[in-house]
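**Q**
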Amino acid sequence: MPIRGHIAGESPLVLYGSSISYFTGKLENYFRLRGIPYQFRSMQFPAMKHTLEQEVGLMQMPALQLADGRWLTDTTPIIDWFEGQVQGKPLVPDDPVLAYVCQLLEDWADEWWWRPAMHYRWHYPEGARFASRHLALELTGSIKLPLWLKSQYFKFRQRRGYTTGDGLTPGNIPAVEAQVQRLFGQLQGIFSARPFLLGDRPSLADVGLSGPFCRHFALDPVPHRMLQQRAPAILDWLDRLWHTRLDELQGEFCESLPADLEPLLEDIGSGYLPYLNANAEAVRRGERRFDADIDGVFYRGARYSRYRVWCLEQLRARFLGVDQGAQQAIRSLLEARGCWQPLWQLRDLPLLDKQEAGLPFRGCSKMIAVNEN
Ligand SMILES: N[C@@H](CCC(=O)N[C@@H](CS)C(=O)NCC(=O)O)C(=O)O
4 MPIRGHIAGE SPLVLYGSSI SYFTGKLENY FRLRGIPYQF RSMQFPAMKH TLEQEVGLMQ
64 MPALQLADGR WLTDTTPIID WFEGQVQGKP LVPDDPVLAY VCQLLEDWAD EWWWRPAMHY
124 RWHYPEGARF ASRHLALELT GSIKLPLWLK SQYFKFRQRR GYTTGDGLTP GNIPAVEAQV
184 QRLFGQLQGI FSARPFLLGD RPSLADVGLS GPFCRHFALD PVPHRMLQQR APAILDWLDR
244 LWHTRLDELQ GEFCESLPAD LEPLLEDIGS GYLPYLNANA EAVRRGERRF DADIDGVFYR
304 GARYSRYRVW CLEQLRARFL GVDQGAQQAI RSLLEARGCW QPLWQLRDLP LLDKQEAGLP
364 FRGCSKMIAV NEN
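Position in the sequence shown (first residue = 1) + 3 = my numbering.
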């Protein structure tokens with residue numbers, strides 16, 4: 004087993020989450036890929052809320068407990084921490100341009116596809132019925148209320164927090180769904196051409212993309228049918244990712260950026276990065292809800308996210324962290340694909356003092372400012 008030190012203790016790593024959760028699915032894909040054994044347990048409420056607020060500062064899913072009793076939160080810093088502990092083939096290419104794209108794609112997959120994934124689950128009655136009942140049964144067994152009431156609560160909570168309560172309206176849903184269709188089409192092309200996003204082996208970008216796909220688009224009835232009919236190569240990729248072990252794999256990363264990833268970067272430049280800027284402006288103004296016109300979609304009353312200001316800062320820091328020659332090459336690519344200007348559009352970012360500096364052991368802000376104390 005390629006793990007050393009305290010991770011490889013007697014008691015296994017315990018992953019607390021839900022079997023239908025976006026970020027729990029992402030972390031499971033990572034552990035499987037690395038061959039890191041873990042024990043999955045469903046988070047039980049309300050007990051876990053108290054434990055997590057005490058141990059990591061906030062309640063979010065998944066959470067991880069190490070053999071030595073320490074708790075971790077937030078999948079990106081968790082993965083980063085594990086990557087520092089394990090030996091074996093890297094998850095991020097050596098080439099600095101590919102490495103930057105890999106981390107950008109992971110971030111985009113985590114943050115930008117969350118809202119559409121939640122939309123497909125909670126907007127359509129089939130999805131909402133399945134997921135609300137599942138979550139009520141899985142997470143709230145100790146709460147002695149009728150199942151129908153607990154299911155209703157989940158529907159209400161998730162819509163208020165993440166769909167109609169986070170900028171989606173009857174007027175913009177068709178455009179948001181069109182973006183999802185477009186993504187499915189792009190990925191169908193990519194995964195028909197090669198096994199993983201960056202070549203013949205999986206990277207952190209694939210792990211990131213498993214978030215919206217593994218436990219949402221490929222599980223919820225409406226998007227799953229669309230994938231089966233129009234983008235089956237994505238389902239094949241998910242299956243491949245789930246069954247691949249990095250230490251048994253022979254394939255290599257591409258030598259340079261595949262042309263079919265360029266449209267994804269263009270979408271990041273016209274959609275995700277402008278959204279991050281609009282969000283950062285709202286945080287600066289202290290407006291917990293904001294309206295924004297992004298890539299032809301008018302979001303009304305989107306929730307602000309302090310966490311995503313930090314995401315933007317991380318994208319900048321990663322660029323500044325590489326040597327000048329690499330910066331030049333990354334900059335040319337980002338300029339050509341419309342990402343450079345929005346990446347640096349805001350002069351300074353409204354971050355809190357030492358924001359998220361304690362991750363993965365202590366979180367500062369939830370991904371979206373909802374359901375907080
Ligand atoms: N950035 C975090 C996000 C985790 C997250 O937001 N998870 C969702 C569930 S998949 C959650 O716990 N939301 C909090 C809530 O609904 O109260 C990560 O990567 O782990």
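C-beta atoms are modelled at their ideal positions from N, C-alpha and C, and glycine is treated no differently.
Can you pull every residue whose C-beta falls closer than 5 Å to some heavy atom of ligand 1, listed in chain order?
**A** In chain order, the qualifying residues are Ser24, Tyr25, Phe26, Gln63, Met64, Asp77, Thr78, Met370, Asn374.
**Q** Determine the closest residue to leucine 30 out of Ala329, Ala50, Pro215, with distance taken between C-alpha atoms.
**A** Residue numbering aside, residue 30 sits at position 27 when the sequence shown is read from its first letter. That would be Pro215, whose Cα lies nearest to the Cα of leucine 30.
**Q** May I ask which residues mark the beginning and end of the beta strand (DSSP E) holding alanine 295?
**A** Your numbering for residue 295 matches position 292 in the sequence shown. It spans 292–297 - the beta strand (DSSP E) in which alanine 295 sits, taken as one unbroken run.
**Q** For threonine 76, name the three-state secondary structure that DSSP assigns.
**A** As a working note, residue 76 is residue 73 in the sequence shown. Three-state result, threonine 76: strand.
**Q** For tryptophan 117 and glycine 211, what's the separation of their Cα atoms in angstroms?
**A** Locating residue 117 in the sequence shown gives position 114, where the first residue counts as 1. Locating residue 211 in the sequence shown gives position 208, where the first residue counts as 1. Cα to Cα, the separation comes out at about 11 Å.
**Q** For glutamine 68, which beta-bridge partners are listed by DSSP?
**A** The sequence position of residue 68 within the sequence shown is 65, counting from 1. In DSSP, glutamine 68 forms a bridge with Val17, Trp74.
**Q** My parser needs the alpha helix (DSSP H) runs of 4 or more residues fully inside the stretch 280–330; what are they?
**A** Complete alpha helix (DSSP H) runs here, min 4: 309–323.
**Q** In angstroms with no decimal places, state the Cα-to-Cα distance between valine 89 and arginine 37.
**A** For the purposes of this step, residue 89 is taken as residue 86 along the sequence shown, with counting starting at 1. For the purposes of this step, residue 37 is taken as residue 34 along the sequence shown, with counting starting at 1. About 9 Å.
**Q** Where do the N-terminal and C-terminal ends of the beta strand (DSSP E) with glutamine 42 fall, by residue?
**A** Residue numbering aside, residue 42 sits at position 39 when the sequence shown is read from its first letter. 41–45 is the span of the beta strand (DSSP E), which, as asked, contains glutamine 42.
**Q** On the three-state DSSP scale, how would you describe valine 183?
**A** The sequence position of residue 183 within the sequence shown is 180, counting from 1. Three-state result, valine 183: helix.
**Q** Which of helix, strand or coil does DSSP assign to valine 89?
**A** Locating residue 89 in the sequence shown gives position 86, where the first residue counts as 1. DSSP places valine 89 in strand when its eight states are reduced to three.
**Q** Could you have a look at phenylalanine 256 and say whether DSSP puts it in helix, strand or coil?
**A** In the sequence shown, counting from the first residue as 1, residue 256 sits at position 253. Strand.
**Q** Kindly indicate which three-state DSSP category phenylalanine 133 falls into: helix, strand or coil?
**A** Here the question's residue 133 lines up with position 130 in the sequence shown. In this structure, phenylalanine 133 counts as helix in the three-state DSSP scheme.
**Q** Note down, in chain order, each residue of its chain lying with its Cβ closer than 8 Å to the Cβ of glycine 144, except the 5 sequence neighbours on either side.
**A** Translated into positions along the sequence shown, residue 144 becomes position 141. Here the set comprises Gln47.
**Q** Can the beta-carbon of leucine 101 be found closer than 8 Å to that of leucine 201?
**A** Counting from 1 along the sequence shown, the entry for residue 101 is found at position 98. Counting from 1 along the sequence shown, the entry for residue 201 is found at position 198. Cβ atoms of leucine 101 and leucine 201: closer than 8 Å.
**Q** List the residues that DSSP assigns as beta-bridge partners of glycine 38.
**A** Walking along the sequence shown from the start, residue 38 turns up at place 35. Beta-bridge pairing links glycine 38 to no other residue.
**Q** Return the CA-CA distance between aspartate 113 and aspartate 77, expressed in angstroms with no decimal places.
**A** Within the sequence shown, the letter at position 110 stands for residue 113. Within the sequence shown, the letter at position 74 stands for residue 77. Taking the straight line from one Cα to the other gives about 11 Å.
**Q** With a threshold of 6 Å on Cβ separation, who are the neighbours of glutamine 348 within its own chain once the five nearest residues in sequence on each side are excluded?
**A** The residue given as residue 348 occupies position 345 in the sequence shown. Around glutamine 348: Asn280.
**Q** Glycine 60 by DSSP, collapsed to three states: which one?
**A** Taking the sequence shown and counting its residues from 1, the one referred to as residue 60 is at position 57. In the structure shown, glycine 60 sits in coil (DSSP, three-state: anything other than H, G, I, E or B).
**Q** Identify which residue in Leu55, Tyr310, Thr167, Ala295 has its Cα closest to the Cα of histidine 122.
**A** Locating residue 122 in the sequence shown gives position 119, where the first residue counts as 1. Answer by Cα proximity: Thr167.
**Q** Have a look at Pro353, Val17, Lys153 and flag the residue whose alpha-carbon is nearest the alpha-carbon of proline 49.
**A** Locating residue 49 in the sequence shown gives position 46, where the first residue counts as 1. Closest by alpha carbon: Lys153.
**Q** Per DSSP, what are the beta-bridge partners of phenylalanine 199 in this structure?
**A** Residue numbering aside, residue 199 sits at position 196 when the sequence shown is read from its first letter. According to DSSP, phenylalanine 199 bridges with Gly202.
**Q** Note down, in chain order, each residue of its chain lying with its Cβ closer than 7 Å to the Cβ of leucine 142, except the 5 sequence neighbours on either side.
**A** The residue you call residue 142 lines up with position 139 of the sequence shown. If we look at leucine 142 and ignore the five residues flanking it on each side, its Cβ neighbours are Ser21, Ser45, Met46, Gln47, Phe48.
**Q** Under 8 Å by Cβ, that's how I've got leucine 207 and glutamine 106 pegged, so tell me the actual separation to the nearest angstrom.
**A** The residue labelled residue 207 in the question sits at position 204 within the sequence shown. The residue labelled residue 106 in the question sits at position 103 within the sequence shown. Contact flag correct, Cβ pair sits at about 7 Å.
**Q** If you count every other CB in all the chains shown that lies within 10 Å of the CB of alanine 339, and 16 or more means buried, which is it?
**A** One-based indexing of the sequence shown puts residue 339 at position 336. Counting Cβ neighbours within 10 Å, alanine 339 comes out exposed, since fewer than 16 surround it.
**Q** Under a three-way DSSP split, which group does arginine 160 fall into?
**A** On the sequence shown, position 157 is the one that residue 160 refers to. Helix, per DSSP.
**Q** Applying the 10 Å Cβ sphere with the 16-neighbour rule, what's the burial state of serine 308?
**A** Within the sequence shown, residue 308 is the residue found at index 305, counting from 1. Label assigned to serine 308: buried.
**Q** Please list, in chain order, all residues of the same chain as proline 226 whose beta carbon is under 6 Å from its beta carbon, the five residues on each side excluded.
**A** One-based indexing of the sequence shown puts residue 226 at position 223. Cβ neighbours of proline 226 beyond the five flanking positions: Tyr123, Phe220.
**Q** Report the rounded CA-to-CA distance for leucine 18 versus phenylalanine 34, giving the unit in angstroms.
**A** For the purposes of this step, residue 18 is identified with residue 15 of the sequence shown, where counting begins at 1. For the purposes of this step, residue 34 is identified with residue 31 of the sequence shown, where counting begins at 1. Those two C-alpha atoms are separated by around 10 Å.
**Q** Can you tell which of Leu346, Ser259, Ala305, Ile297 has the C-alpha that lies nearest to the C-alpha of alanine 320?
**A** As a working note, residue 320 is residue 317 in the sequence shown. Here the closest residue by C-alpha is Leu346.
**Q** Return yes when the Cβ of isoleucine 237 is within less than 8 Å of the Cβ of phenylalanine 293, no when it is not.
**A** Within the sequence shown, residue 293 is the residue found at index 290, counting from 1. Within the sequence shown, residue 237 is the residue found at index 234, counting from 1. Result no, Cβ atoms of phenylalanine 293 and isoleucine 237 do not sit closer than 8 Å.
**Q** With burial defined as no fewer than 16 other Cβ atoms inside 10 Å of the residue's Cβ, what is the status of leucine 264: buried or exposed?
**A** Translated into positions along the sequence shown, residue 264 becomes position 261. Buried, since its Cβ has 16 or more Cβ neighbours within 10 Å.
**Q** When burial is assigned at 16 or more other CB atoms within 10 Å of the CB, is glutamate 147 buried or exposed?
**A** Against the sequence shown, residue 147 aligns to sequence position 144. According to the sequence displayed, residue 147 carries lysine and not glutamate. Answer is exposed; the Cβ neighbour count stays below 16.
**Q** Does DSSP classify glutamate 359 as helix, strand or coil?
**A** The sequence position of residue 359 within the sequence shown is 356, counting from 1. Residue state, collapsed to three classes: coil.
**Q** Between the alpha carbons of arginine 228 and tryptophan 151, how many angstroms are there, rounded?
**A** Translated into positions along the sequence shown, residue 228 becomes position 225. Translated into positions along the sequence shown, residue 151 becomes position 148. Each residue's alpha carbon lies about 26 Å from the other.
**Q** Counting Cβ pairs, one atom from each stretch, are 3 or more of them under 8 Å apart for the stretch 155–169 and the stretch 240–255?
**A** In short, these stretches do not touch, since the Cβ pair count stays below three.
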